[in-house]
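K.L.:
Protein chains in written order, with our numbering: chain C, 1 to 380; chain L, 381 to 760.
Virtual Cβ for every residue (Gly too), placed ideally from N, Cα, C.
Dropping the structure in here first, questions after.
2 protein chains.
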Amino acid sequence: RPNKLSIIFSYLGELQKNRQKMRKLIHSIKVGIALVLVSLLYLLDPLYEQVGENAMWAIMTVVVIFEFFAGATLSKGINRGLGTILGGGLGCSAATLAQEVTGMGEASTIIIGSAVFVIGAAGTYTRLQPSIKKRYDYAAMIFILTFNLVVVSGLRAEEVLKLARERLSTIGMGFAVCIIISLLVFPTWASDELHDSLSSKFQALAKAIEECLEDYFRLNSEKDNQPGQPSSSSGSCKSVLHSKSKDESLANFAKWEPWHGKFGLHYPWNKYLQVGEQLRDLATIVLSLKACLQSPRQPSSSVRESIKEPSKAVGLSLALTLRELGESVTKMRRSQQEAVIMPKLKSMRVELNSIISSSKFGPLENVDELAISSFVFLLM
Amino acid sequence: RPNKLSIIFSYLGELQKNRQKMRKLIHSIKVGIALVLVSLLYLLDPLYEQVGENAMWAIMTVVVIFEFFAGATLSKGINRGLGTILGGGLGCSAATLAQEVTGMGEASTIIIGSAVFVIGAAGTYTRLQPSIKKRYDYAAMIFILTFNLVVVSGLRAEEVLKLARERLSTIGMGFAVCIIISLLVFPTWASDELHDSLSSKFQALAKAIEECLEDYFRLNSEKDNQPGQPSSSSGSCKSVLHSKSKDESLANFAKWEPWHGKFGLHYPWNKYLQVGEQLRDLATIVLSLKACLQSPRQPSSSVRESIKEPSKAVGLSLALTLRELGESVTKMRRSQQEAVIMPKLKSMRVELNSIISSSKFGPLENVDELAISSFVFLLM
Numbered sequence: 001r002p003n004k005l006s007i008i009f010s011y012l013g014e015l016q017k018n019r020q021k022m023r024k025l026i027h028s029i030k031v032g033i034a035l036v037l038v039s040l041l042y043l044l045d046p047l048y049e050q051v052g053e054n055a056m057w058a059i060m061t062v063v064v065i066f067e068f069f070a071g072a073t074l075s076k077g078i079n080r081g082l083g084t085i086l087g088g089g090l091g092c093s094a095a096t097l098a099q100e101v102t103g104m105g106e107a108s109t110i111i112i113g114s115a116v117f118v119i120g121a122a123g124t125y126t127r128l129q130p131s132i133k134k135r136y137d138y139a140a141m142i143f144i145l146t147f148n149l150v151v152v153s154g155l156r157a158e159e160v161l162k163l164a165r166e167r168l169s170t171i172g173m174g175f176a177v178c179i180i181i182s183l184l185v186f187p188t189w190a191s192d193e194l195h196d197s198l199s200s201k202f203q204a205l206a207k208a209i210e211e212c213l214e215d216y217f218r219l220n221s222e223k224d225n226q227p228g229q230p231s232s233s234s235g236s237c238k239s240v241l242h243s244k245s246k247d248e249s250l251a252n253f254a255k256w257e258p259w260h261g262k263f264g265l266h267y268p269w270n271k272y273l274q275v276g277e278q279l280r281d282l283a284t285i286v287l288s289l290k291a292c293l294q295s296p297r298q299p300s301s302s303v304r305e306s307i308k309e310p311s312k313a314v315g316l317s318l319a320l321t322l323r324e325l326g327e328s329v330t331k332m333r334r335s336q337q338e339a340v341i342m343p344k345l346k347s348m349r350v351e352l353n354s355i356i357s358s359s360k361f362g363p364l365e366n367v368d369e370l371a372i373s374s375f376v377f378l379l380m
Numbered sequence: 381r382p383n384k385l386s387i388i389f390s391y392l393g394e395l396q397k398n399r400q401k402m403r404k405l406i407h408s409i410k411v412g413i414a415l416v417l418v419s420l421l422y423l424l425d426p427l428y429e430q431v432g433e434n435a436m437w438a439i440m441t442v443v444v445i446f447e448f449f450a451g452a453t454l455s456k457g458i459n460r461g462l463g464t465i466l467g468g469g470l471g472c473s474a475a476t477l478a479q480e481v482t483g484m485g486e487a488s489t490i491i492i493g494s495a496v497f498v499i500g501a502a503g504t505y506t507r508l509q510p511s512i513k514k515r516y517d518y519a520a521m522i523f524i525l526t527f528n529l530v531v532v533s534g535l536r537a538e539e540v541l542k543l544a545r546e547r548l549s550t551i552g553m554g555f556a557v558c559i560i561i562s563l564l565v566f567p568t569w570a571s572d573e574l575h576d577s578l579s580s581k582f583q584a585l586a587k588a589i590e591e592c593l594e595d596y597f598r599l600n601s602e603k604d605n606q607p608g609q610p611s612s613s614s615g616s617c618k619s620v621l622h623s624k625s626k627d628e629s630l631a632n633f634a635k636w637e638p639w640h641g642k643f644g645l646h647y648p649w650n651k652y653l654q655v656g657e658q659l660r661d662l663a664t665i666v667l668s669l670k671a672c673l674q675s676p677r678q679p680s681s682s683v684r685e686s687i688k689e690p691s692k693a694v695g696l697s698l699a700l701t702l703r704e705l706g707e708s709v710t711k712m713r714r715s716q717q718e719a720v721i722m723p724k725l726k727s728m729r730v731e732l733n734s735i736i737s738s739s740k741f742g743p744l745e746n747v748d749e750l751a752i753s754s755f756v757f758l759l760m
């Protein structure tokens with residue numbers, strides 16, 4: 001059985017990898033197309049006469065905001081727009097104010113210099129605040145940049161407003177090209193990614209628990225002699241453990257994404273993060289179960305034999321439960337087994353308890369694991 | 381004793397926070413100064429006559445590459461320079477090639493359009509490869525951007541080379557301002573940060589182990605009734621657990637940083653990552669020890685009492701060892717206790733073993749923890 005399982009898993013891994021490659025390829029082609037479209041502003045004479053050198057800003061916008069996930073592109077684009085408009089507005093007013101108050105002399109240079117310093121420092125300090133950094137870092141950066149560019153060129157260019165309008169319109173074109181291509185042509189949704197990664201976490205943990213039990217109760221002594229080798233599922237367990245920052249950024253992008261597929265507009269992405277947190281806690285327990293396997297001090301075979309049956313029963317049904325939960329997350333339907341599984345797990349726990357009190361070495365970890373996983377279970 | 385400890389810790393936390401604030405403030409002021417300096421290219425007439433509109437690129441460079449850590453600024457700056465030079469060079473050659481082969485007609489437009497597509501798509505695909513993404517993501521982005529800008533404007537501007545040289549020189553000025561201010565004026569080193577975070581991890585784990593023991597053997601029943609409250613050290617334990625990606629980016633920056641303070645040029649940053657990994661493994665074990673505390677099923681007081689002395693001894697000496705190791709990392713000297721502590725830990729383990737076989741409930745986790753932590757210990 002483990003052999004078949006591992007074949008299936010390696011096959012799924014292969015498929016996953018190829019799908020990943022395919023998505024990267026599609027994304028690259030999309031970026032190429034977007035770049036060609038904005039380059040046409042330069043390359044075609046009638047368009048160039050309209051926008052002139054400002055076509056540069058459209059190209060820059062595409063290169064900078066076109067991200068892998070549709071939500072990331074949207075969020076970066078909106079950030080850029082926000083930063084440009086705010087910074088440009090403030091810069092224009094500051095430049096005109098400085099000119100009206102002091103004329104074109106040196107005094108205005110000093111005023112503008114100090115404005116650059118104050119806005120630059122304050123903006124940078126704002127960027128470093130965690131709450132801003134998480135969602136509006138890029139907007140703050142563009143704000144500083146635009147303010148600075150507008151306020152200093154305000155002294156030179158006669159028609160700052162016209163310049164600003166033209167730049168803004170080319171940035172708008174770049175943004176429009178990005179959004180249309182990113183959202184409409186084979187979109188890659190961060191929400192799909194988050195959804196899949198959550199259910200694959202369930203699968204990975206289930207697999208890890210199964211392997212752990214398998215290893216623990218493999219009674220031939222040749223295995224006992226080399227307890228140190230790290231198993232493959234230990235790696236997947238760890239990747240579950242370290243998925244926090246990736247999940248958070250995915251959820252961040254997913255919140256920007258419009259209604260699509262099975263997801264509504266106000267989909268509970270925060271719940272995903274909470275369940276992910278619980279799964280990470282569970283991964284902690286599974287990893288320390290594994291650590292028990294690697295400990296040089298192992299109970300004798302007879303003791304292990306005595307707790308084999310109930311432990312296996314608990315572990316396998318836990319794994320089964322996790323798989324089912326993962327499945328139900330994938331298919332987005334309520335697990336019907338809830339009513340069945342909860343009492344079953346509880347009764348198994350009682351059984352395990354009785355075994356522990358009668359044998360010398362209790363698999364205390366199993367009990368804990370059970371406690372936590374039923375906690376996870378209750379949470380859903 | 382725990383009261384005094386917690387006061388000290390809260391005081392240290394306060395200090396840490398203030399230091400963090402101070403560093404952010406200093407960084408903001410540095411950015412402000414750098415912005416004013418590059419703005420002078422615009423604001424002062426003699427300088428403006430030299431560089432003209434290209435002063436824009438200096439401002440852009442400062443805003444974009446000035447990062448919090450000196451190493452990050454350096455890495456981003458070098459990436460930007462690399463990308464600009466490569467992209468500009470390739471763009472120039474492509475533009476002149478297209479002109480020479482086909483003249484200025486429509487054919488060259490088509491050639492340039494396809495060049496934009498191919499380089500854009502290939503560059504984007506390269507950016508998505510993990511090995512590139514980790515260190516050269518920004519260089520690839522700037523490469524695509526510069527290539528695109530140069531190749532399309534090559535059709536319009538008569539003197540592409542002159543334009544490119546001027547832009548490059550202003551970018552160079554922005555880079556120089558950033559590097560000088562970032563490295564010479566109150567520099568914030570990523571290497572210091574990584575160094576401190578490693579030793580504070582030791583402290584956090586030591587504290588967590590101490591608290592855990594305290595909680596476990598607190599025998600008054602009022603505490604037993606409310607086992608669910610999460611302790612403060614559980615949070616710090618989790619932050620140790622989730623420090624992987626932060627540590628990796630710090631190490632990435634630290635590698636760029638020049639010789640300074642106590643660090644040489646080829647400081648073993650990878651060792652830091654390895655020790656961090658071991659500490660995260662240990663954090664896993666400590667967290668599952670904590671999970672034992674929260675489990676509804678607790679051994680009776682008398683049993684706990686029977687294992688209290690040796691467990692406490694082991695736990696406290698573990699905590700002590702961790703603190704000492706953290707200290708020796710901070711001060712960058714070899715721990716002299718190594719020879720003393722290892723045999724002590726081993727003898728304690730034997731003692732614990734004997735207790736486990738004579739009492740009903742073994743703190744099996746402690747043994748594991750011991751196994752792992754001696755592993756950590758041996759590794760250093």
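For H195/C, name the three-state secondary structure that DSSP assigns.
P.N.:
helix
K.L.:
Interface residues of chain L around G91/C at Cβ under 7 Å?
P.N.:
The premise fails here: G91/C is roughly 12 Å from chain L at the closest Cβ pair, so nothing lies under 7 Å.
K.L.:
So what does DSSP say about H622/L, is it helix, strand or coil?
P.N.:
coil
K.L.:
Under 8 Å: do the stretch 68 to 84 of chain C and the stretch 197 to 217 of chain C share three or more Cβ pairs, one atom per stretch?
P.N.:
no
K.L.:
Between the beta-carbon of L427/L and the beta-carbon of G113/C, is there less than 8 Å?
P.N.:
Contact: no.
K.L.:
What separation, rounded to the nearest whole angstrom, lies between the Cα atoms of K247/C and Y267/C?
P.N.:
The residue you asked about is not Lys; residue 247/C is Asp in the sequence shown. Cα to Cα, the separation comes out at about 15 Å.
K.L.:
Strictly below 7 Å CB to CB, what residues from chain C border L700/L?
P.N.:
Residues of chain C passing the Cβ test: none, with the nearest at roughly 22 Å.
K.L.:
For A121/C, which residues in chain L fall below 8 Å Cβ to Cβ?
P.N.:
Those are S408, I409, V411 and G412, listed as they occur along chain L.
K.L.:
Inspect the beta-carbon positions of S577/L and A634/L and report whether they are closer than 8 Å.
P.N.:
no
K.L.:
So that I know if they touch, is there some Cβ in chain C lying closer than 8 Å to that of F582/L?
P.N.:
no
K.L.:
Under a CB-based cut-off of 8 Å, is L758/L close to chain C?
P.N.:
Its pLDDT being 43, under 50, L758/L is placed unreliably by the model, and the measurement read from it follows with that caveat. Interface residue (Cβ-Cβ distance to chain C less than 8 Å): L758/L is not classified as such.
K.L.:
Where V118/C and A699/L are concerned, what is the direct C-alpha to C-alpha distance, given to the nearest angstrom?
P.N.:
47 Å
K.L.:
Below 9 Å on C-beta distance, what does K24/C contact in chain L?
P.N.:
T504, Y505, L508 and Q509
K.L.:
Within 10 angstroms of its Cβ, does D45/C collect 16 or more other Cβ (buried), or is it exposed?
P.N.:
So D45/C counts as exposed.
K.L.:
With 8 Å set as the bound, which would you pick, yes or no: does the beta-carbon of F68/C sit closer than that to a beta-carbon of chain L?
P.N.:
Taking 8 Å as the CB threshold, F68/C lines the interface with chain L.
K.L.:
The stretch 34 to 53 of chain C: which residues have C-beta closer than 7 Å to a C-beta of chain L, in chain order?
P.N.:
L35, V36, S39, Y42 and L43
K.L.:
Using the C-alpha atoms, what's the distance from P567/L back to F555/L?
P.N.:
16 Å
K.L.:
Chain L beta carbons: is any one of them nearer than 8 Å to that of G284/C?
P.N.:
The question names Gly, but residue 284/C is Thr in the sequence shown. T284/C counts as touching chain L.
K.L.:
Quick one: measure Cβ to Cβ for L241/C and A283/C, integer angstroms, because I've assumed they're closer than 8 Å.
P.N.:
5 Å
K.L.:
Report yes if the C-beta distance between I524/L and V177/C is below 8 Å; otherwise report no.
P.N.:
no
K.L.:
So, does the CB of Q16/C fall closer than 8 Å to a CB anywhere in chain L?
P.N.:
For Q16/C, no CB of chain L lies under 8 Å from its own CB, so it is not counted at the interface with that chain.
K.L.:
Quick check: is the beta carbon of N148/C nearer than 8 Å to any beta carbon in chain L?
P.N.:
yes
K.L.:
Spatial neighbours of S623/L within its chain, please: C-beta separation below 8 Å, excluding the five flanking residues on both sides.
P.N.:
S577, K581, G656 and R660
K.L.:
Do A389/C and A94/C have their CB atoms nearer than 8 Å?
P.N.:
Shown here, chain C extends from 1 to 380; a query on residue 389/C therefore has no answer.
K.L.:
Please confirm if L74/C has its CB atom under 8 Å from at least one CB of chain D.
P.N.:
This model lacks chain D altogether, as its protein chains are C and L.
K.L.:
Three-state secondary structure (DSSP) at V666/L?
P.N.:
helix
K.L.:
Taking C-beta pairs closer than 8 Å, name the residues in chain C that F497/L reaches, listed in chain order.
P.N.:
G32, I33, L35 and V36
K.L.:
Excluding the 5 residues flanking A206/C on each side, which residues of the same chain have their C-beta closer than 6 Å to its C-beta?
P.N.:
A319, L322 and R323
K.L.:
Using a Cβ-Cβ cut-off of less than 9 Å, list which residues of the stretch 552 to 583 of chain L approach chain C; keep chain order.
P.N.:
none
K.L.:
Does DSSP put K255/C in a helix, a strand or coil?
P.N.:
Three-state result, K255/C: coil.
K.L.:
In chain order, what are the residue ranges of uninterrupted alpha helix (DSSP H) at least 4 long that sit wholly in the stretch 510 to 566 of chain L?
P.N.:
Runs found: 510 to 533 and 540 to 564.
K.L.:
Using the rule of at least 16 other Cβ atoms within 10 Å of the residue's Cβ for burial, across every protein chain shown, is E480/L buried or exposed?
P.N.:
exposed
K.L.:
Would you say Q226/C reaches chain L, if we count a Cβ-Cβ gap shorter than 8 Å as a contact?
P.N.:
Annotation note: pLDDT 46 at Q226/C (below 50); position unreliable, coordinate value reported separately. Chain L contact via Cβ: absent.
K.L.:
In whole angstroms, what separates the C-alpha of V532/L from that of S39/C?
P.N.:
Near 7 Å, if we compare the C-alpha coordinates of S39/C and V532/L.
K.L.:
In whole angstroms, what separates the C-alpha of L168/C from that of I285/C?
P.N.:
A straight-line Cα-Cα distance of about 53 Å links L168/C and I285/C.
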